[in-house]
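Colleague:
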Amino acid sequence: MLGSKRGLAVGSSRTGTRVPAVERSRSRSKGKEKRRDKKSKEEKKEKEFAWMDSEEEDEASASASSSEEKPVPLEEVQSLGQMAKLAPGLQKRLKRGDLRSKELCEVVAALGRSKFFDGGLFEVLANELRRAFNRRSLGPSEVITTIAQLGDLNAYNQRVFEAACDALERELNRVPEALRQKLESTLKQVKHTPSEGFLRALSQRSGGGDRRQACPMFWRGQCKWGPKCKLSHDDNSFENTMDSGSWKPPSMSGGKSVGFKQSADLFKADRCGALW
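When we follow full-length UniProt numbering, the leftmost residue of the sequence shown carries the number 1, and every step to the right adds one.
1) Just the C-alpha distance for Pro227 and Cys215, rounded to the nearest angstrom, thanks.
2) Note down, in chain order, each residue of its chain lying with its Cβ closer than 7 Å to the Cβ of Ser101, except the 5 sequence neighbours on either side.
3) Count the C-beta pairs between the segment 111-128 and the segment 79-94 that are closer than 8 Å, then say yes if the count reaches three, no if not.
4) According to DSSP, simplified to helix, strand and coil, what is Ser195?
5) Would you tell me roughly how many angstroms separate the C-alpha atoms of Leu153 and Lys115, rounded to the nearest one?
6) Leaving aside the five residues before and after Glu142 along the sequence, list all residues of the same chain whose C-beta is less than 6 Å from its C-beta, in chain order.
7) To which residues of the same chain is Gln82 closer than 6 Å at the C-beta, ignoring the five residues directly before and after it?
8) Measure the C-alpha to C-alpha separation of Leu231 and Leu111 and round it to an integer number of angstroms.
9) For Ser141, report the span of its alpha helix (DSSP H) as first-last.
10) With respect to the alpha helix (DSSP H) encompassing Leu111, which residues constitute its N-terminal and C-terminal limits?
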């Protein structure tokens with residue numbers, strides 16, 4: 001009886017040792033499945049967020065490429081950043097005197113468009129502008145436009161404006177009225193007091209010549225009004241109109257033939273299509 005119990009106990013112990021082995025194998029398989037599931041979830045998560053990494057890489061490459069972009073030409077400068085890239089090189093060229101008079105005007109125009117101000121750059125630029133004005137290498141229109149842009153930038157330099165006034169004094173009788181008014185407003189803006197001779201020349205207004213706006217149809221040979229035309233047929237008035245920027249070609253008259261309209265009006269008035 002005792003032996004049977006022992007045998008049963010031994011048998012139960014043997015059967016008991018087999019059950020945990022099966023459970024261990026199941027637990028191992030479950031552990032492997034969990035690890036596979038975890039790995040697949042991690043891979044899925046990496047795929048989901050892979051586009052974010054690619055965008056960050058694209059942005060980094062774009063910023064690197066933009067930083068490596070070449071500076072734009074001087075005549076195409078529009079922003080402050082574009083001018084900042086060109087400023088060091090321009091300052092070196094100005095110190096060496098490598099820029100021509102026309103290029104100096106382009107530099108001032110680019111500074112005006114970008115609203116860029118640098119004390120060191122303006123110092124060497126002022127010296128070169130003063131030399132260009134003293135050499136009389138720029139026309140009245142270029143001189144007035146340049147000092148007007150300097151005034152808008154609040155970059156007043158007394159010696160530069162004195163040289164500009166000296167260069168303009170003998171040319172004021174040929175300066176159109178629009179540019180003359182621009183010059184007067186610029187001098188008032190920067191509070192520059194020119195010489196007495198310059199003020200006398202500036203205050204004089206030429207009495208001769210036709211100050212009316214140029215007739216666009218006359219310069220196309222289509223004006224039928226002749227001496228009755230309310231616009232000017234004078235050569236000087238045509239040049240003044242072009243310099244002031246108020247010239248309007250006949251194509252801006254609505255697409256209709258102004259010359260035909262004028263002829264029709266004259267025909268209604270005196271039954272004659274011309275005034276000869």
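Here a beta-carbon is modelled for each residue, glycine too, at the ideal position from N, C-alpha and C.
Modeller: This is what the structure holds:
1) 12 Å
2) Here Ser101 has Ala132, Ser137 and Leu138 as same chain residues with Cβ atoms under 7 Å from its own Cβ, once five neighbours each way along the sequence are excluded.
3) yes
4) When secondary structure is reduced to three states using DSSP, Ser195 falls in the coil class, being assigned neither helix nor strand.
5) 7 Å
6) Cys105
7) Excluding five sequence positions before and after Gln82, the CB atoms of its chain that fall closer than 6 Å to its own CB belong to Val72, given in chain order.
8) 38 Å
9) Pro140 to Asp152
10) Ser101 to Ser114
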